[in-house]
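See structure below.
Numbering (the numbering used here), first residue to last: 1497 to 1920.
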């Protein structure tokens, strides 16, 4: 399998081995072994659900350092629309964009504005009638990776358009090169991200040979640097180009609202996502034309690298969007927003590349699962009895890991000893 650079990591010193994360991981990519959680990298989609649920804060999202800005002559901030919902009493987006310039960036290109262009191109592509339906948005990298590992048959349904983040990086570099005369490699684009999945998609992109973004900074890190500047009463330069259609992409439903189509759905929260993808795979949603599917609860505002409560952030985004006048994104005739590489099928769930061997292992796995109690208690370190059976078949564990089976064996042994004593 390809070498993927992950952005969700584990701090073993903080981990207590409580099994909370293994129960809620959507791809069963975590085990507890020797009293500590272990992330199975080939199954991890960097959705950040474990970051969100860990009571000991042992999981964290790794993003780039501000020191990385020093590697470039010209630095451009790419703020996600979610960034706007993190601050109290900010009534003008330009206040935030000007603050980004003050903390070390030379320019700003809003991802919200790129989202408006993506909306335009999505409409055109849907109108062509060439897409599989329900067509699935490509905006959430965690969902794209979930599909690649659990629902490979739905890979053709993903719209082959790059994300607003990558389009923002692409356009920002093009404009900066024309403005400054610098080479592309001298210009750095930095996405301000609410989630770890975006950081992974920059280092290990899906659908692109190489990301148009050079670095990813977390919303929480940038928030701390920007905060001192937004309280100052100073004149601000008009930097914002986005309107309500792009800004509302931060909230669940924002993308489909901007499409202005019927027969669309918006789904958020990774476990709701799984239910919907199950139904799409079973052909139960054939009347749906387009599906906006986001891994985080509430949409990107619920990302694990944010600061503000997602409900509060949602309300602020809605309030801000009402103050924005409609702006024209048609002046940007983008030459190409299409993906230039296929989204690979992640085969981590295969038991073996040899079909005959895989079938034999599957049969063995079924037999082991039937021999287990079916309680899915997690005490063995696997999320379910079936997952433990898979670990056993793969050679990573034994049936003795199940405390109920082990208890039964000990009781049988004890009874045998009692009978042996009785024979003396």
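Virtual Cβ for every residue (Gly too), placed ideally from N, Cα, C.
In three-state terms, what does DSSP make of residue i?
| i | result |
| --- | --- |
| residue 1900 | helix |
| residue 1799 | coil |
| residue 1515 | coil |
| residue 1585 | coil |
| residue 1504 | strand |
| residue 1557 | strand |
| residue 1782 | coil |
| residue 1637 | helix |
| residue 1679 | coil |
| residue 1741 | helix |
| residue 1497 | Reliability fails at residue 1497, whose pLDDT of 45 lies under 50, so the model's placement of it is uncertain and the value that follows must be treated cautiously. Coil at residue 1497, not helix or strand. |
| residue 1754 | helix |
| residue 1597 | helix |
| residue 1608 | helix |
| residue 1674 | helix |
| residue 1767 | helix |
| residue 1719 | helix |
| residue 1857 | helix |
| residue 1932 | A question about residue 1932 goes unanswered here, because the residues of the chain that appear run from 1497 up to 1920. |
Among all the DSSP beta bridges, which residues are the ones paired with residue i?
| i | result |
| --- | --- |
| residue 1787 | 1632, 1761 |
| residue 1526 | 1535 |
| residue 1725 | According to DSSP, residue 1725 bridges with nothing at all. |
| residue 1687 | 1574, 1712 |
| residue 1603 | 1572 |
| residue 1657 | 1834 |
Using the beta-carbon count (16 or more within 10 Å), is residue i buried or exposed?
| i | result |
| --- | --- |
| residue 1523 | buried |
| residue 1841 | exposed |
| residue 1690 | buried |
| residue 1527 | buried |
| residue 1666 | buried |
| residue 1675 | exposed |
| residue 1727 | exposed |
| residue 1582 | buried |
| residue 1800 | buried |
| residue 1783 | exposed |
| residue 1819 | exposed |
| residue 1716 | buried |
| residue 1862 | exposed |
| residue 1652 | exposed |
| residue 1869 | exposed |
| residue 1531 | exposed |
| residue 1790 | buried |
| residue 1752 | buried |
| residue 1904 | exposed |
| residue 1838 | exposed |
| residue 1497 | No answer about residue 1497 holds up, because its pLDDT of 45 lies below 50 and its placement is not dependable. |
| residue 1891 | exposed |
| residue 1759 | exposed |
| residue 1565 | buried |
| residue 1641 | buried |
Determine the closest residue to residue i out of the options, with distance taken between C-alpha atoms.
| i | options | result |
| --- | --- | --- |
| residue 1718 | 1590, 1561, 1823, 1656 | 1561 |
| residue 1922 | 1520, 1508, 1699, 1678 | Only positions 1497 to 1920 of the chain appear in this structure, which leaves residue 1922 out of reach. |
| residue 1573 | 1564, 1597, 1587 | 1597 |
| residue 1610 | 1862, 1877, 1589, 1576 | 1576 |
| residue 1672 | 1739, 1569, 1584 | 1569 |
| residue 1698 | 1530, 1860, 1659, 1786 | 1659 |
| residue 1767 | 1545, 1512, 1540 | 1545 |
| residue 1502 | 1619, 1708, 1701 | 1701 |
| residue 1643 | 1772, 1749, 1744, 1834 | 1772 |
| residue 1780 | 1707, 1529, 1629 | 1629 |
Indicate, with yes or no, if the ligand PLP has a heavy atom lying under 7 Å from the CB of residue i.
| i | result |
| --- | --- |
| residue 1639 | Inclusion of the ligand PLP in the displayed structure is not the case, the ligand content being empty and no account of it being possible. |
Mind checking whether residue i and residue j have CB atoms under 8 Å apart?
| i | j | result |
| --- | --- | --- |
| residue 1884 | residue 1898 | yes |
| residue 1893 | residue 1887 | yes |
| residue 1601 | residue 1571 | yes |
| residue 1554 | residue 1536 | no |
| residue 1865 | residue 1881 | yes |
| residue 1613 | residue 1663 | yes |
| residue 1634 | residue 1657 | yes |
| residue 1688 | residue 1669 | no |
| residue 1857 | residue 1848 | yes |
| residue 1734 | residue 1762 | no |
| residue 1552 | residue 1510 | yes |
| residue 1813 | residue 1797 | yes |
| residue 1515 | residue 1556 | no |
| residue 1792 | residue 1774 | no |
| residue 1713 | residue 1559 | yes |
| residue 1732 | residue 1816 | no |
| residue 1477 | residue 1785 | Because the chain here runs from 1497 to 1920, residue 1477 falls outside it and cannot be looked at. |
| residue 1746 | residue 1542 | no |
| residue 1836 | residue 1710 | no |
From the beta carbon of residue i, is the nearest beta carbon of chain B less than 8 Å away?
| i | result |
| --- | --- |
| residue 1616 | Note that chain B does not occur in the displayed structure, where there is just one protein chain. |
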